[in-house]
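I have placed the structure first, in the form of structure tokens, so that the comments after it can refer back to it.
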Amino acid sequence: MLSIVGLCGPDWVLIAADSSVSSSIICMSEEYDRIAEIGKHNALALAGETGDALQLSEYIIGNVALYKFINSVELTTDAISHYIRNEMAKAVRKNPYQVNMLLAGYDEKPSLYYLDYLGTRQKIPFGSPGLLRIFRPFSIR
0 MLSIVGLCGP DWVLIAADSS VSSSIICMSE EYDRIAEIGK HNALALAGET
50 GDALQLSEYI IGNVALYKFI NSVELTTDAI SHYIRNEMAK AVRKNPYQVN
100 MLLAGYDEKP SLYYLDYLGT RQKIPFGSPG LLRIFRPFSI R
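When we follow numbering that gives the first Met the number 0, the leftmost residue of the sequence shown carries the number 0, and every step to the right adds one.
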């Protein structure tokens with residue numbers, strides 16, 4: 000189904016994703032993890048082409064870990080969202096990733112960011128990029 004959803008409350012943030020990988024009517028896997036852990040307090044949910052999502056998540060995880068190793072400082076959720084937005088904006092001109100993302104994190108307060116394949120970055124209280132965006136359940140209004 001290729002869906003991710005995120006909710007942000009006053010002292011919590013939650014993201015969820017489906018685990019199926021399909022092409023047309025063929026289901027290739029039902030055990031794919033669309034949520035990548037970035038550090039201790041951040042997670043990234045990716046909706047889009049499976050290859051792009053895997054490559055991008057590994058690239059982001061690696062560079063955030065490298066920054067922490069070099070500078071001995073862990074990036075905040077806001078800083079990670081700016082970094083991802085910058086990388087997506089650069090990639091759209093060279094080798095675009097067909098991936099929309101939700102970045103969830105907890106620094107002093109919880110935060111949820113929406114990032115799309117064009118380099119758009121927006122802090123949101125809830126969101127659902129992917130096929131789930133057409134649904135509007137009463138629980139998130």
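Glycine included, C-beta positions come from ideal geometry on N, C-alpha and C.
Contact belief for residue i with residue j at Cβ below 8 angstroms, rounded distance in angstroms
{"i": "A46", "j": "V98", "result": "7 angstroms"}
{"i": "Y145", "j": "P95", "result": "The first residue shown for the chain is 0 and the last is 140, placing residue 145 beyond what the model contains."}
{"i": "V63", "j": "L53", "result": "Actually they are not in contact, since the Cβ atoms of V63 and L53 sit about 16 angstroms apart, beyond 8 angstroms."}
{"i": "I79", "j": "I14", "result": "With 8 angstroms as the limit, I79 and I14 do not qualify as a contact, their Cβ atoms being about 14 angstroms apart."}
Buried or exposed by the 16-neighbour rule on C-beta atoms within 10 Å, applied to residue i
{"i": "N70", "result": "exposed"}
{"i": "I123", "result": "exposed"}
{"i": "T76", "result": "buried"}
{"i": "R92", "result": "exposed"}
{"i": "V72", "result": "exposed"}
{"i": "G6", "result": "One detail in the question is off: residue 6 reads as Leu in this sequence, not Gly. By the neighbour-count rule (16 or more Cβ atoms within 10 Å), L6 is buried."}
{"i": "N85", "result": "exposed"}
{"i": "G126", "result": "buried"}
{"i": "A16", "result": "buried"}
{"i": "S18", "result": "exposed"}
{"i": "I3", "result": "buried"}
Counterpart residues of residue i in DSSP-defined beta bridges
{"i": "M100", "result": "L45, L114"}
{"i": "K122", "result": "Y112"}
{"i": "G5", "result": "I14, G126"}
{"i": "A35", "result": "L43"}
{"i": "Y105", "result": "P109"}
Whole alpha helix (DSSP H) elements within the stretch 38–75, 4-residue minimum: 49–70
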